[in-house]
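Residue numbers for the sequence shown follow my numbering, beginning at 23 and rising by one.
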Amino acid sequence: MSSFTQALVASDPAGFQRATQSPFLRRAAQGKVSREVLGPWLANDRLYVQGYLRAAGRLLSFLALPQVVPAALTELHADPASKLLAWTIDDLVNIQQEERFIAETATRYGIDVNLPADEHGQVPASAKISGLRQFEALFDGLQAGDEGLLPWLEGAVVFYGTEKCYLEAWTWAKSQVDDTDKDGEDHEDGGAVRREFMDNWTGPEFEAFVQRLADIIDAAVQTQEDDAKEALLQRALVKWREILAAEEAFWPVFDA
23 MSSFTQALVA SDPAGFQRAT QSPFLRRAAQ GKVSREVLGP WLANDRLYVQ
73 GYLRAAGRLL SFLALPQVVP AALTELHADP ASKLLAWTID DLVNIQQEER
123 FIAETATRYG IDVNLPADEH GQVPASAKIS GLRQFEALFD GLQAGDEGLL
173 PWLEGAVVFY GTEKCYLEAW TWAKSQVDDT DKDGEDHEDG GAVRREFMDN
223 WTGPEFEAFV QRLADIIDAA VQTQEDDAKE ALLQRALVKW REILAAEEAF
273 WPVFDA
């Protein structure tokens with residue numbers, strides 16, 4: 023029997039594939055995306071990080087943490103809300119490091135990661151890709167669900183969905199690499215994706231981190247009655263579909 027998060031992934035196989043297997047990903051992994059194309063995409067990715075941080079604040083506000091210390095101290099911080107708090111704190115550290123990693127790596131490889139901005143340093147919506155605008159609307163519009171039944175579910179699903187898609191996307195991209203092309207010296211991006219970004223966006227640590235969030239969601243849903251589980255699934259699917267649409271639109275368009 024599939025878990026709750028597995029059911030989300032399986033709910034729209036074609037949509038999940040479009041979100042995680044784009045021609046851009048293949049070309050980037052093979053060194054066929056120029057600095058002039060990669061730079062603006064990375065710039066949008068940095069702004070995505072800022073929206074992500076705002077969404078994390080919203081998610082934290084939805085958590086109803088226990089106000090009483092349990093009799094058995096082994097149960098302290100064992101509830102779903104406390105586990106989600108711990109995951110989000112770790113996530114905030116990771117995502118701040120990610121923003122710096124993008125900027126520092128781009129600088130080393132001579133990639134410009136600034137979009138056109140106004141006199142106040144703000145990037146207008148017209149300069150952002152559609153996928154970023156969709157993510158910003160999703161992040162900034164995040165609200166608590168049913169107060170009596172996992173009010174944080176929608177927020178957690180948004181974070182799980184975007185992390186799961188990102189992991190699967192770059193894992194797939196990595197599978198498109200020619201093993202004989204070791205250093206990426208002749209790549210159009212100077213080897214930035216091959217040497218730096220792709221490894222950072224895949225790997226066992228990232229995979230375990232994403233699975234940790236899936237386990238928190240799955241365990242919380244599993245304790246509910248069957249009727250409640252179905253209601254939770256329908257709530258989650260609304261956000262899942264929005265995530266897939268935003269992820270698909272986040273990749274620059276290239277011919278297959």
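Note that the Cβ used here is the ideal one computed from N, Cα and C, for glycine as well.
Predicted model only: the values in this text are computed from it and were never measured.
E158 is a Cβ neighbour of L69, given a cutoff of 9 Å. Of the candidates E176, A242 and A50, E176 places its Cα closest to the Cα of F84.
Contact between L82 and L107 holds, with the beta-carbon distance rounding to 7 Å and staying under 8 Å. Cβ-Cβ distances below 6 Å link F272 to G153 in the same chain, with the five nearest sequence neighbours on each side left out; the list follows chain order. The continuous alpha helix (DSSP H) containing E269 extends over residues D248 to F272. DSSP places V31 in the uninterrupted alpha helix (DSSP H) bounded by F26 to A32. Here E121 is not near V180, since their CB atoms are 9 Å or more apart. Judged by DSSP in its simplified three-state form, V145 adopts coil rather than helix or strand.
Just so you know, the alpha carbons of R155 and Q119 end up roughly 23 Å apart. If you draw a 10 Å sphere on the C-beta of T129, you find fewer than 16 other C-beta atoms in it, and that means exposed. A214 is not a Cβ neighbour of L47, given a cutoff of 9 Å. For F228, the closest C-alpha among the options K261, E185 and D208 is that of E185.
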